[in-house]
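One structure below.
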Amino acid sequence: MVQYESHLDRAFAALADPTRRAILERLGRGSATISELAQPFGMSLTGLKKHVRVLEDVELVRTEKVGRVRECHLGPRRLDDAERWIDGYRQMLDARLDRFGELLQNTKGEQR
Amino acid sequence: MSTAQQQDNAGTTTVSTPSDREIVSERVFDAPRDRVFAAYTDPELIPRWWGPRRMTTVVQEMDVRPGGAWRFVAHDPDGRALGFRGIYREVSPPERVVQTFEWEGMPGHVIIDTVTFEALDGRTKVTTKSLFHTTQERDGMLASGMEGGLTESHERLAELLAEERGGR
């Protein structure tokens with residue numbers, strides 16, 4: 003099913019994890035290296051890198067190698083609240099209207 | 495499910511905020527306008543589509559005429575009940591319904607919904623314009639949708655994964 007693979011759905015899946023949301027919040031205050039990010043979460047570098055990779059895949063985070071460390075920044079896909087809210091609201095509505103669409107399909111022969 | 499139907503269901507709703515107190519959504523349904531309007535305003539059909547899938551909606555009142563009241567109660571699986579109510583302001587079959595919407599959990603925060611049904615060659619475009627009293631209330635609704643949208647899409651994802659497991 004194509005719909006679950008859309009960029010938006012992957013972005014939502016990426017945002018579903020509290021650690022990843024916290025990473026985004028942290029990067030919203032300024033860039034940080036992987037180890038700087040890992041410290042407050044008490045997480046291994048490997049574990050944190052996995053989360054960063056997920057965020058990078060959906061362009062919420064961008065990383066670059068600076069000397070021997072990897073710096074993380076917020077990615078090109080800007081997530082200001084309004085955009086996030088509208089996307090979330092749209093998804094909710096879409097799911098509900100799916101039900102209405104199914105009903106129309108299912109009642110095709112019943113009425114009239 | 496046919497491929498065409500899957501495509502119809504695949505993210506066809508658009509949402510915009512044309513002013514700071516409005517939310518407008520649009521969705522095209524593959525059914526003629528008369529049927530869409532009839533389904534939309536039929537109290538017997540409301541429990542089959544209104545609200546999130548995990549809720550069971552009971553229609554307590556639905557008097558579809560100007561000045562008529564509606565009240566739905568949505569029950570979640572944990573036994574909580576959420577009441578929603580409003581008044582119909584305009585009912586013009588098969589083109590337009592204007593009604594107020596109020597969640598009883600936040601009494602006094604009334605939204606005015608204008609729903610238009612546009613015939614498109616056998617299909618129907620349903621546009622809902624929600625007008626809020628203040629920008630704050632509108633943003634609150636958008637933010638709550640964020641939560642709801644996540645929950646709903648997680649449920650649907652879980653269903654999909656369960657289906658895939660069964661298929662193997």
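Same order as they appear, the protein sequences are chains A and B.
Each number in my numbering corresponds to the 1-based position in the first sequence with 2 added.
Each number in my numbering corresponds to the 1-based position in the second sequence with 494 added.
Cβ atoms here follow ideal geometry from the backbone N, Cα and C, with glycine treated the same way.
The residues Ile36 and Thr65, in chain order, have a CB closer than 6 angstroms to that of Arg72/A in the same chain once the five nearest residues on each side in sequence are set aside.
Secondary structure at Val56/A: helix, using DSSP grouped into helix, strand and coil. Closest in C-alpha terms to Pro571/B, from the list Gly561/B, Pro588/B, Arg565/B and Met549/B, comes Met549/B. When the Cα atoms are used, Arg527/B and Thr511/B turn out to be separated by approximately 25 angstroms. The Cβ atoms of Arg542/B and Leu105/A lie closer than 8 angstroms to each other. Shown here, Gly577/B sits in a strand according to DSSP, grouped into three states. Proximity of Phe611/B to chain A, defined by a Cβ-Cβ separation below 8 angstroms, is not satisfied. Taking 8 angstroms as the CB threshold, Gly545/B lines the interface with chain A.
Between Phe43/A and chain B, the shortest Cβ-Cβ separation is not below 8 angstroms. The residue among Glu555/B, Ile517/B and Arg547/B with its C-alpha nearest the C-alpha of Ala97/A is Arg547/B.
Note on the segment 597-646 of chain B: whole beta strand (DSSP E) runs with a minimum of 3 residues are 605-614 and 617-625, in chain order. Annotation: Pro587/B to Glu598/B spans about 28 angstroms, alpha carbon to alpha carbon. Out of Leu576/B, Val592/B and His569/B, the CA that lies nearest to the CA of Ala563/B is found in Val592/B. Taking 3 residues as the minimum length, the beta strand (DSSP E) runs contained wholly in the segment 500-585 of chain B are 508-510, 516-523, 550-556 and 563-569, in order along the chain. The C-beta of Thr511/B comes closer than 8 angstroms to at least one C-beta of chain A. Taking the Cα of Val68/A as reference, the smallest distance to any Cα among Gly77/A, Glu61/A and Ala34/A is reached at Ala34/A.
Restricted to the segment 20-72 of chain A, the beta strand (DSSP E) segments that are unbroken, complete and at least 3 residues in length are 63-68, listed in chain order. Burial is judged here by how many other beta carbons sit within 10 angstroms of a residue's own beta carbon; Asp514/B has fewer than 16 and is exposed.
For a Cβ distance threshold of 7 angstroms, residue set Leu99 of chain A lies close to Arg521/B, ordered along the chain. Looking from the CA of Pro560/B, the closest CA among Thr610/B, Ile581/B, Glu516/B and Thr551/B belongs to Ile581/B. Beta-carbon to beta-carbon, Ser519/B and Leu95/A are separated by about 5 angstroms, close enough to satisfy the 8 angstroms threshold. Here Arg521/B is near Val620/B, since their CB atoms are less than 8 angstroms apart. When C-alpha distances from Leu26/A are compared across Gln41/A, His53/A and Arg70/A, the shortest belongs to His53/A. At a cut-off of 8 angstroms, the C-beta of Leu57/A has no neighbouring C-beta in chain B.
In terms of CA proximity to Thr622/B, Glu612/B leads the group Leu539/B, Arg565/B, Ala575/B and Glu612/B. Looking at the DSSP output, Arg590/B sits in a beta bridge with Ser586/B and Thr610/B. Look at the segment 525-539 of chain B: the residues with a C-beta under 7 angstroms from a C-beta of chain A are Ala525, Arg529, Val530, Ala532, Ala533 and Leu539.
The C-alpha of Glu596/B is placed about 12 angstroms away from the C-alpha of Met635/B.
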